[in-house]
Amino acid sequence: MLIAAILLLQASVAVPAGEDPVAPYTQSDHNAGATPFKDDRLWRDFHEEAGVSRIVDDLVSRNQSDPRISDIFKNQDLVRLRRTLKEQFCFILGGGCSYTGRDMRAAHKDMGIQRADMTALVENLQAAMRAEHVSFASQNRLLAKLAPMQREVVER
Ligand code: HEM
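The opening residue of the sequence shown carries number 0 in numbering that gives the first Met the number 0; numbering runs sequentially from there.
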């Protein structure tokens, strides 16, 4: 009985194969890497929570099936990635979310991401925003917030 209880406990705290636990970090909106837009025009243009959720799900699945970068997304915690990406976009777009993820340098450390990988991801994000019918001007306003983060994401 005791052994069964211990085995059950171990199973419930076990890390799924290939997923490293996230090292402890301090939660802060500052980790999102950009300040939010003050008005909610962009948020509405992205069709609020449901729209951002569709865009992030679409982006992650495009990355997974993109031969240029799919290897980087193998064996990653994609549930967490979707959640924190939705929070990050919602925070930046003025949707009023808190961002609970890591800062961009910590999140992408030792992944060997190159500029070409960043280009591929941005193209996939553009396709996901197009599929959600986000206006071109609004797409570019989000991309302008993300562009400076390349410094933290790309390895040199
Ligand atoms: C400005 C560009 C980017 C932004 C805003 C961004 C955003 C994020 C966020 C919010 C997370 C989750 C943080 C957390 O778990 O605490 C994350 C993780 C991740 N990103 Fe990015 N990212 C960017 C570029 C890229 C690129 C270019 C790649 C690869 C092609 C990439 C691959 C990944 C992967 C695989 C993870 C999961 C890491 C893990 O769970 O340990 N990211 N990113």
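No residue lacks a Cβ here, since even glycine has one placed at the ideal position from N, Cα and C.
Quick caveat, the model's predicted, so the values are computed rather than measured.
Subject >> Limits of the unbroken alpha helix (DSSP H) element including K144 >> reply: F135 to L145
Subject >> Reduced DSSP category for A126 - H, G, I as helix; E, B as strand; rest coil >> reply: helix
**OP:** Report yes if the C-beta distance between I91 and K144 is below 8 Å; otherwise report no.
**Re:** yes
Original post:
Do R101 and the ligand HEM come close, with the Cβ less than 7 Å from some heavy atom?
Top reply: yes
Original post:
If you run the structure through DSSP and keep just helix, strand and coil, what is L77?
Top reply: helix
Original post:
Comparing the CB of R61 with every heavy atom of the ligand HEM, is any distance shorter than 7 Å?
Top reply: no
Original post:
If you draw a straight line from the C-alpha of A10 to the C-alpha of A22, how long is it?
Top reply: A caution first: A10 carries a pLDDT of 49, below 50, which makes its placement in the model too unreliable to give a value.
Original post:
Taking 7 Å as the cut-off, does the CB of R43 come closer than this to any heavy atom belonging to the ligand HEM?
Top reply: no
**OP:** Assuming L58 and N123 form a contact by the criterion Cβ under 8 Å, report the distance between their Cβ atoms to the nearest whole angstrom.
**Re:** 6 Å
Original post:
Where does F72 fall in DSSP's three states?
Top reply: helix
**OP:** Can you give me the start and stop residues for the alpha helix (DSSP H) that A105 sits inside?
**Re:** M103 to A106
**OP:** Consult DSSP for C89 and reduce its assignment to one of helix, strand or coil.
**Re:** helix
Subject >> Spatially closest choice to A106 from V152, A146 and D28, by CA coordinates >> reply: V152
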